[in-house]
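Colleague: In the working numbering, the protein residues as written are 8 to 561.
#1: If you run the structure through DSSP and keep just helix, strand and coil, what is residue 124?
#2: Can you name the start and end residues of the beta strand (DSSP E) that residue 553 belongs to?
#3: Mind checking residue 271: buried by the 16 CB within 10 Å criterion, or exposed?
#4: Tell me the residue span of the alpha helix (DSSP H) that contains residue 312.
#5: Exposed or buried, what is residue 502 when buried is set at 16 or more other beta-carbons lying within 10 Å of its beta-carbon?
#6: So what's residue 286 in DSSP terms, helix, strand or just coil?
#7: In this structure, does DSSP put residue 30 in helix, strand or coil?
#8: Return the residue from the list 45, 65 and 90 that minimises the CA-CA distance to residue 35.
#9: Buried or exposed, going by whether 16 or more other CB atoms sit within 10 Å of the CB of residue 229?
#10: Closest to residue 446 by CA distance: which of 515, 200 and 401 is it?
#11: Leaving out five residues before and five after residue 143 in sequence, what residues of the same chain have Cβ atoms less than 7 angstroms from its Cβ?
#12: For residue 69, count the other beta carbons within 10 Å of its own beta carbon; 16 or more makes it buried, fewer makes it exposed. Which is it?
#13: Indicate the three-state DSSP secondary structure (helix, strand or coil) for residue 400 in the structure shown.
#14: Identify, in the order they occur along the chain, each residue of the same chain with its Cβ nearer than 6 angstroms to the Cβ of residue 559, setting aside the five sequence neighbours on each side.
#15: Can at least three beta-carbon pairs, one atom from the segment 422-438 and one from the segment 462-481, be found at a separation below 8 angstroms?
#16: When the Cβ atoms of the segment 324-337 are set against those of the segment 403-413, are three or more pairs found closer than 8 angstroms?
#17: Let me make sure I understand the geometry here. Which of 414, 449, 379 and 294 has the alpha-carbon closest to that of residue 437?
#18: Going by beta carbon distance, what residues of the same chain come within less than 7 angstroms of residue 357, once the five residues before and after it are set aside?
#19: Where does the unbroken alpha helix (DSSP H) through residue 430 begin, and where does it stop?
#20: Return the Cβ separation of residue 421 and residue 384 in integer angstroms, given the expectation that the two are a contact with Cβ distance under 8 angstroms.
#21: According to DSSP, which residues form a beta bridge with residue 45?
#22: For residue 445, name the three-state secondary structure that DSSP assigns.
#23: Does DSSP put residue 330 in a helix, a strand or coil?
#24: Apart from the five residues just before and just after residue 75, which ones in its own chain have a Cβ nearer than 6 angstroms to its Cβ?
#25: For residue 371, is the classification buried or exposed, using 16 other Cβ atoms within 10 angstroms of its Cβ as the cut-off for buried?
#26: I need the straight-line Cα distance from residue 338 to residue 121, nearest angstrom please.
#27: Are there three or more Cβ pairs, one per stretch, closer than 8 angstroms when the segment 524-538 is compared with the segment 347-354?
#28: Please report the Cβ distance between residue 47 and residue 27, rounded to the nearest whole angstrom; I am assuming they are in contact, meaning their Cβ atoms lie under 8 angstroms.
#29: When we look at the beta-carbon of residue 127 and count the other beta-carbons within 10 Å, is it buried (16 or more) or exposed?
#30: Just the Cα atoms here: how many angstroms apart are residue 551 and residue 500?
#31: Hey, how far is the Cα of residue 519 from the Cα of residue 241?
#32: Quick one: what's got a C-beta closer than 8 angstroms to residue 448's C-beta in the same chain, skipping five residues either side?
#33: Answer with buried or exposed for residue 482, where buried requires no fewer than 16 other C-beta atoms within 10 angstroms of its C-beta.
#34: Measuring alpha carbon to alpha carbon, tell me which of 557, 171, 473 and 83 ends up nearest residue 189.
#35: What's the gap between the Cα of residue 305 and the Cα of residue 374?
#36: Give the secondary structure of residue 369 by DSSP, where H, G and I count as helix, E and B as strand, and everything else as coil.
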């Protein structure tokens, strides 16, 4: 069996069978015979192959060179070049390799087949029942136990996609049912027809119902793309290996070795200085950086909000640069300070003070100086602004048209509730039009109501819940043009005795506490959002929750 696609136009392809017709050998470095070229007569090739000087369907397979790295026990790496003709003795093949081949005599071992599809593939290679020989055992459960759940789901999805394709061909499909993922298309189709709608051509064996529903996750999670840094990966791997290393009892560690060719001048960094753009100091750990409270000009409102925004920005600096700069001139200035802190050319305290100067100049009464606390709610409103709040509309489920309404999906809200509720439930009601308030569709002239949608859902949502009986959910959902956009809890601000503190949720779901007076660094609480109850977030260290920050994962 040929194992490489050496020449597809000559049928020298992976999986092609053949019979040895001859070979050429040479003399190796030790005087031994070495195979140079193997001549193979192809068995039932797709087309006849004729090479000058060779009979029909006989092709040459030359040896190829492969270089492998060998790691010796003394950490020396040797590279070995191996020359070999890429063929295998064809005594057996897998079900995958046998696809597309017809065998007059087919010997199959079904003992290791994992599913009924594998049974089918192996047995359907036979040209006749007389030429089929089954060896080994047969697991009847794999061919009589019914289709698995994922296979039944796959068939159901294909049936819906078949129906969608037919409607689109006949120009009977609403324009809003479109997307480049089938999950997106099927979810939008179910919104139009209903989750229990079953096309008439679906076989009874895979029909879905209330007791056996077709569940499709309509949430579209954004995926963060990263450029793989091979050097950083190796450095992290080396640090993990050092952390796992346990020295022998009584041994004395060797001093660190300086790999620089020239000794550094006393007082200078051992790293050679290069002209040009300043480089980022990768030795600075920003995962626990917070703001220090200013005892002269009280700054706890700024410290708590800016610390949460900094660690949110730190999760994806390039993407959050683009979005935060577009909110207001204050967030643009704050992001510039974040960048300088990230590159270790300034501090977070300097970034805060620069924004405070602008805010005080903008509104000295709301943002005073001296031993007076500012309102963290007013601060959030001013920082995020309302100019970039997206306009919303409702989808007409009859014709699929967008019905605009005179509303906006804001970045910050001050809910006033009279009964206990949760942040996600309140926002769900806020972002929808009730049945008694309808809007007329200009296309089909029907009245519509329901959940708001917008072309670009907000990437940050802040709730001012001071003195409200509201539990804090870990996620909220904003309806986009296609699917739900999930926003995750990123931080909570608490108020106690005229002082604001904050809890920051890091990228791994850990809860870190920031006080500012006791310590400017974030204190690891030892808790995780996966194990904490939403009611536990309403109070922290005696402080009551007053501001909740949600954001998308960019």
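Even glycine gets a Cβ: it sits at the ideal position worked out from N, Cα and C.
Note that the coordinates shown come from a computational prediction; the quantities given were computed from them, not determined experimentally.
Modeller: Considering the structure as presented:
#1: helix
#2: 550-558
#3: Summary for residue 271: the model assigns pLDDT 43, below 50, so the residue's position carries little reliability, and this model does not support an answer.
#4: 307-322
#5: buried
#6: Any answer about residue 286 is weak, because its pLDDT of 44 lies below 50 and its placement is not dependable; what the coordinates show is given next. Three-state result, residue 286: coil.
#7: strand
#8: 90
#9: A caution first: residue 229 carries a pLDDT of 47, below 50, which makes its placement in the model too unreliable to give a value.
#10: 401
#11: 116, 117 and 118
#12: exposed
#13: strand
#14: 466 and 494
#15: yes
#16: no
#17: 414
#18: 344
#19: 430-437
#20: 7 angstroms
#21: 30 and 68
#22: coil
#23: helix
#24: 87
#25: exposed
#26: 57 angstroms
#27: no
#28: 6 angstroms
#29: exposed
#30: 8 angstroms
#31: 29 angstroms
#32: 403, 405, 406, 408, 410, 454 and 455
#33: exposed
#34: 171
#35: 10 angstroms
#36: helix
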